[in-house]
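**Student:** In my numbering, the protein residues as written are 73 to 342.
Ideal Cβ placement from N, Cα and C applies to all residues, glycine included.
All figures in this text were calculated on a predicted structure; none of them were measured in a lab.
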């Protein structure tokens, strides 16, 4: 190998390291310039606020920017919207985002209107809103309960997957089930169910999963497990319109599943 080539080969790792360090420094220095400032957020929020008529859902993307968005538009998010099962019952969704991010609630939708101010992009989406005929959390006092429970059930606003969720919370005994039966309720064309494990500190200390089963008129339609890292999961099952009996069965999986806070919400829709 010629001396010049050999010398370059010895220096190549050091040169590469210097180039990487320079690139990282440029990225770090320029990062702040790519994040919209407070004035941009205030201007975008003012324009969105002027277009609100009531009943819209407001979401932010990416998820880590939500505290900034709430600082400017949090007064237009009520508890029902913040703790929603999902976005299906909202006819209009406003999404405020940065860096081209999209919120899960707008996936598959096409924006009817959009604008960008200082790096904050606002998009308005429209969809056919689901009509809720039965909200099971609102009828919790009418349920009959079976099984072995440590606490609950109670209707609460809980933290699930670092998001607020209005839900029915129940704590089964370890490796046991608790059944909640709602009789003579109105059903639509589908049953939407959201579920997860509440409380970040309990999820840290108790790693066992939970399980939820759903039955209509004695026929099981769905059963699934969810773990400490699954957050809030939503499923829908097809139902026949009319009146019926719906049973939700929550289970704390495993003998080590103490204080397993199972949190679920369900809506019959058409």
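Leaving out the 5 sequence neighbours to the left and right, which residues in its chain are closer than 7 Å to residue 114 when beta-carbon positions are compared?
**Tutor:** 144
**Student:** Rounded to a whole number of angstroms, what is the C-alpha to C-alpha distance between residue 338 and residue 241?
**Tutor:** 12 Å
**Student:** Nearest-angstrom Cα distance between residue 299 and residue 116?
**Tutor:** 38 Å
**Student:** What's the C-alpha gap between residue 260 and residue 237?
**Tutor:** 23 Å
**Student:** Whole angstroms is fine: what's the gap from residue 252's alpha carbon to residue 108's?
**Tutor:** Straight-line measurement puts the Cα of residue 108 at about 47 Å from the Cα of residue 252.
**Student:** Following the continuous beta strand (DSSP E) through residue 340, name the residue where it begins and the one where it ends.
**Tutor:** 334–341
**Student:** Answer yes or no: do residue 265 and residue 306 have a C-beta to C-beta separation smaller than 9 Å?
**Tutor:** In this structure, residue 306 lies closer than 9 Å to residue 265 by Cβ.
**Student:** Measuring CB to CB, does residue 245 end up less than 9 Å from residue 222?
**Tutor:** yes
**Student:** Apply the 10 Å Cβ neighbour rule to residue 155 and answer buried if 16 or more other Cβ atoms are within range, or exposed otherwise.
**Tutor:** Per the 10 Å Cβ criterion, buried.
**Student:** Could you pull out every residue in the same chain whose Cβ sits closer than 6 Å to the Cβ of residue 255, ignoring the five residues on either side in sequence?
**Tutor:** 317
**Student:** Measuring alpha carbon to alpha carbon, tell me which of 196, 205 and 200 ends up nearest residue 120.
**Tutor:** 196
**Student:** Using 8 Å as the threshold, is the stretch 123–135 in touch with the stretch 159–167, meaning 3 or more CB pairs across them?
**Tutor:** yes
**Student:** Smallest Cα separation from residue 118: which of 138, 168, 291 and 267?
**Tutor:** 168
**Student:** Going by the DSSP bridge assignment, what does residue 166 pair with across the sheet?
**Tutor:** 130 and 196
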